[in-house]
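Protein chains in written order, with the numbering used here: chain A, 66 to 377; chain B, 3 to 454; chain C, 9 to 295.
Glycine included, every Cβ here is placed at the ideal spot set by N, Cα and C.
Small disclaimer: the values here were computed from a predicted structure and weren't measured.
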Amino acid sequence: MSSAERTFPNEKRILTSAEHNRRNARRRRLTFLVLVLPALVWFLTFMLWPLVNMFYISTNQWDGLNLPKKFVFLNNFIRIFHDPKMAIALHNTGIYLLVGILGIVPFAFMLGFFLSLRRPGYRILRTIFFSPAMLSAAALAMIFLGVYRPDGMLNAFLKAVGLTAITRIWLGNQATALGSLIAIDIWGGIGFNSVLFFAALASLPEELYEAAMLDGAGYWTIMWRIAFPLMIDFIGIVTVLQFLSILSGAAYMILLTQGGPGTSTFTLGYYLYDQAFLSHRLGYSQAIGVVVFFAGIVGILLIRRITSRFSN
Amino acid sequence: MNKRIISILIALLVVTSMALTACGSAPTPTTAPATAAPAVPVLLPTTTLPPVPTATAAPAPVTLTIWHNWGPDDAKGPAMKAILADFMKANPSITIKDEVYVDADIPLKVETASTAKQEPDLVFVQRVGDVYTWTDSGVTLPVNDWLTQWGLADKFKPVAVSNYTQADGKIQAFPLEGYVWPIWYNTKVFAAAGVPIPTTTDDLLAAVKKIRAAGDQPIIASNDGMGQYLFTLIMQTVMTDDEAIQCIGKGDWTVPDCIKGVQLFVQLRDAGAFVDGVEGIDYPTANTQFGAGKVAMSHFGAWEFGAPEVATVVPDVQLGGFPLPAGSPHKLPIYYSAFSAKGIWVTPNGATKLDAVKTFIQYFYQPSVMAQFVEQAGMISPLKDETVDKTKVTPLFTQDLSKIAEVAETPDFYLPPAVATDFGRVSSEAFTPGTTADKILADLKAAYAALK
Amino acid sequence: MQTRVLRVARRIKKGADLFVIGGYFFSTIYAALIIVPLYFVIVSAFKNNNQIILTPLALPTTLNFSKFFQAESNVHLLRAGLVSAGITTGAELLTLLLAFPAAYAVARIQTRLSTLVESVFSLGFLIPGLAILMPIYEMTAKAGLLYHPIALVILYPAFNLPLAMILLSGFMRKLPRELEESAMMDGGNILQIIFYIFVPICLPGIITVLVLNFINIWNEYLFALILMDSNNRTIQLALALLRANQRAVDFGLIAAGVLISMIPVYIVFILFQDRIMSGMLAGAVKE
């Protein structure tokens, strides 16, 4: 007789391993639900209903908060398809994403790794690097107006080092406006994300590096051969966060260029804001929101696919 | 840093937050009752009869909520504060609860509040953008009846009232803040260049050459929402107001004079009429640079008359309109002037407290009250009776434009809100050197295509 | 043997030194790129518009603190700061209370619902704030919480849950299985495990979440604008009022206000940054 089937008179029957697993699974699920439910309820109340609302309104023509809605089914989406401004917005946003993510994530990782070595002064550096993230929109607008003005800090610096030929009207020139805005994101993004990477890398045990160094590896090798693979998931998270922030971002466009000059800084996020708050085509703006939503999903899946390929 | 300090800090913050949220603000009855509690205190419970109001009984206390942007930093802030205080002293039964918000945020706040029937009673806001649609959508109520009933109809300047009158005759709000938006000519700079103040385009082009030769810059503008008004002003030197409504208002850019307007702008730009780097200048920089005294012309409104940035050059400034090209339909150089800068709008909530609103409006529009705004903030009064203490008014305010310039219709009244941002972007690329007139026209056509 | 080790050690040291030198070099350049604009804000708080625009980086001629006082008196900046502090503290605590157990469940409990729940939370990132403004306003009004800071304390955690979940569950996933097993063998139940074991270990993650949320909440503008009135302004609303109309801008005043509003953020960051570095994980595993 196997022990699983032995029974004692006054005790409950001992379960088979399969039944044991099932009961465990049920108990686990129950525990899971109990732990997750408060957060889930909170989230669904404030995010899900409005999200559904967004999809619903995108099928309407709604020209003002106090004006009536008119159901137009997929008209808004058909218009998006034919909308030249949409193509421009997608193009600009694509450039922004590419340059932005490539300009932020690798360098933030490297800086974060350097910080995690905890060399003297790393605390000060960390605080400095994190500073851009702490600035609010008002502060950033003021700072970068001062930087990008024709007689502002950037041009003054270039003149001082003899690079007068490179000076430009940064925000007024169609060729440089978008790049100038992306530079702001990179400026802040490297610092902010480097501190995030530091937090993640700091939890790695020091012995890991020591062992590698005894085998003759330098920091550069350690960074890419050891830290990088261990951090792949986190790098993916950071990339996704940056991606979503740029995808729907409109702050610098609103504060500094209003999508201009011409249409050089006209992005998806700004288009959404413009249609919702400036042109008052609320239905159309929600349709753009739907596009942003699905673009986000596609982006997340893509980034996940890439990182999972790396970690293999 | 140890755990103890952190926990003490957290405890402190928690206590503070609790204290704040407790005394932070039970909403007053007029702003946010969960149920629609009336602003006037309810009558006594049904078992006792309410007191019968007699002719000499004090009126029931009322609170009027007013939203505006004339805070302490605004030139009109102190005057507003004093006037409200005086009003409450003179009318003890009416309490004014005024809330200051950023200008640009007020329309959104009002509209969101309106959908939940929580809007303020009176709104002080400019008649630009989506505020236009408020009368039609019911966010605010037309004031035609009240103008006549409260004896104000003939106290206002006709142009002030017509600035707020829709095509269907509804008057959207009580006109309040008027402005002039002239061209500022720095006579010293012109003297140094040896040229007179130009009134024609040819004069202007000649002046530009001489001013630059003397080491100064001609016209400063900002490449943003404010500079857009110079863009339209220059174009309008070639058009009649009706033609302006055709192209800027309705998007018909095939009108020959409209095309000429764009070409004139490009011609001036390419001749160096604007300061170097104009496409990157923002409004505060424009102020400062003009105030530094080496720029010949600028385009600032009356709100700048008392600004500290330009104070040093004000004694040298002569106001005027923009020079006209040959064959212009206008007789004198043109400038903008209107009353759309601020109006008092009455909401459905306000309409439930009509007596209090009436008392307030009648008080507010007394010439002596208006005079305070005129004297302290350079506002143009909407009233016919403009008795002010001339000694208190900023010097530029006293310059009489009527003989040397004429008013052109500001785009505020016909530029469709749906096109406004696109128009602004075209305006900013128009200031950028290298943009051809054809490109500008093409982009304008595209901007208005969205109207269809 | 000895010399070989020495040679390798020297080579490692050289390689390490090169990397560290390079690290310091680029860090310094980048730090300078950040410090210069911050310096610009700081000195601007003591200047007038002309000086700010014409000589942005020059030291102020006088140390005139009047703009700081003006910023406070014009818009009651300090009071707004207290309101923001209260809202932030409440929202942070609530976020942690909600997110931590949920993150634990998603990361550590084997059940098929895990991925589903995680995806649901990830959706949160994709929702543009503008889209949900109106429904939330109506909800708040119906609940009678309009213009009461509690409304923001309840609302903000919902916005911050996705990020908190991702960061916390990411941290927790990397922890070894042994943690629970050793606790269960000692007879602990789920709540004890979470509280006594995971919270201390995940402190770096918790701090990260706290700091990030702090910034999000402190800098949030749109919902604070719509849901609060002028008595309950948050600090960003008060700051924005320093340029109440777009025509006359006193940059010095704004700079002073910005500096005041950033002090709490800096304090929080500096206070907590030590916690981020604690290598508690190493200690726990050794045990």
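Burial state of residue i (16 or more Cβ within 10 Å)
i, result
"residue 449 of chain B", "buried"
"residue 172 of chain C", "buried"
"residue 129 of chain B", "buried"
"residue 296 of chain B", "buried"
"residue 248 of chain B", "buried"
"residue 186 of chain A", "exposed"
"residue 118 of chain C", "exposed"
"residue 197 of chain C", "exposed"
"residue 66 of chain B", "buried"
"residue 127 of chain A", "buried"
"residue 228 of chain A", "exposed"
Cα-Cα separation between residue i and residue j, rounded to whole angstroms
i, j, result
"residue 405 of chain B", "residue 322 of chain B", "10 Å"
"residue 88 of chain A", "residue 105 of chain C", "28 Å"
"residue 25 of chain C", "residue 271 of chain A", "18 Å"
"residue 312 of chain B", "residue 293 of chain B", "4 Å"
"residue 216 of chain B", "residue 195 of chain B", "6 Å"
"residue 265 of chain C", "residue 80 of chain C", "8 Å"
"residue 174 of chain A", "residue 77 of chain B", "50 Å"
"residue 181 of chain B", "residue 300 of chain B", "16 Å"
"residue 378 of chain B", "residue 400 of chain B", "13 Å"
"residue 352 of chain A", "residue 141 of chain A", "6 Å"
"residue 124 of chain A", "residue 139 of chain B", "21 Å"
"residue 92 of chain C", "residue 111 of chain B", "20 Å"
"residue 98 of chain B", "residue 219 of chain C", "41 Å"
"residue 410 of chain B", "residue 303 of chain B", "14 Å"
"residue 84 of chain C", "residue 207 of chain A", "21 Å"
"residue 262 of chain A", "residue 117 of chain B", "45 Å"
"residue 162 of chain A", "residue 327 of chain B", "47 Å"
"residue 359 of chain B", "residue 114 of chain B", "22 Å"
"residue 248 of chain C", "residue 104 of chain B", "7 Å"
"residue 130 of chain A", "residue 68 of chain C", "48 Å"
"residue 136 of chain B", "residue 168 of chain B", "11 Å"
"residue 147 of chain B", "residue 172 of chain B", "10 Å"
"residue 438 of chain B", "residue 268 of chain B", "7 Å"
"residue 208 of chain C", "residue 200 of chain C", "12 Å"
Closer than 9 Å to chain A by CB, residue i
i, result
"residue 184 of chain C", "no"
"residue 130 of chain B", "no"
"residue 303 of chain B", "no"
"residue 122 of chain C", "yes"
"residue 427 of chain B", "yes"
In DSSP terms, what residue i is bridged to
i, result
"residue 187 of chain B", "B/299, B/320"
"residue 339 of chain B", "B/182"
"residue 378 of chain A", "For residue 378 of chain A there is no data in the structure shown, the boundaries of chain A being 66 and 377."
"residue 276 of chain B", "B/221"
"residue 100 of chain B", "B/68"
"residue 351 of chain A", "DSSP lists no partner for residue 351 of chain A."
"residue 410 of chain B", "B/338"
"residue 143 of chain B", "B/348"
"residue 134 of chain A", "A/127"
CB contact check: residue i to chain C, cutoff 9 Å
i, result
"residue 287 of chain B", "yes"
"residue 282 of chain B", "no"
"residue 284 of chain A", "yes"
"residue 204 of chain A", "yes"
"residue 266 of chain B", "no"
"residue 294 of chain B", "yes"
Interface flag, residue i vs chain B, CB-CB below 9 Å
i, result
"residue 51 of chain C", "no"
"residue 125 of chain C", "no"
"residue 130 of chain A", "yes"
"residue 343 of chain A", "yes"
Contact between the region 212-231 of chain A and the region 291-304 of chain A: three or more CB pairs below 8 Å? no
Can we say the region 183-192 of chain C touches the region 153-165 of chain C, given the rule of at least three CB pairs closer than 8 Å? no
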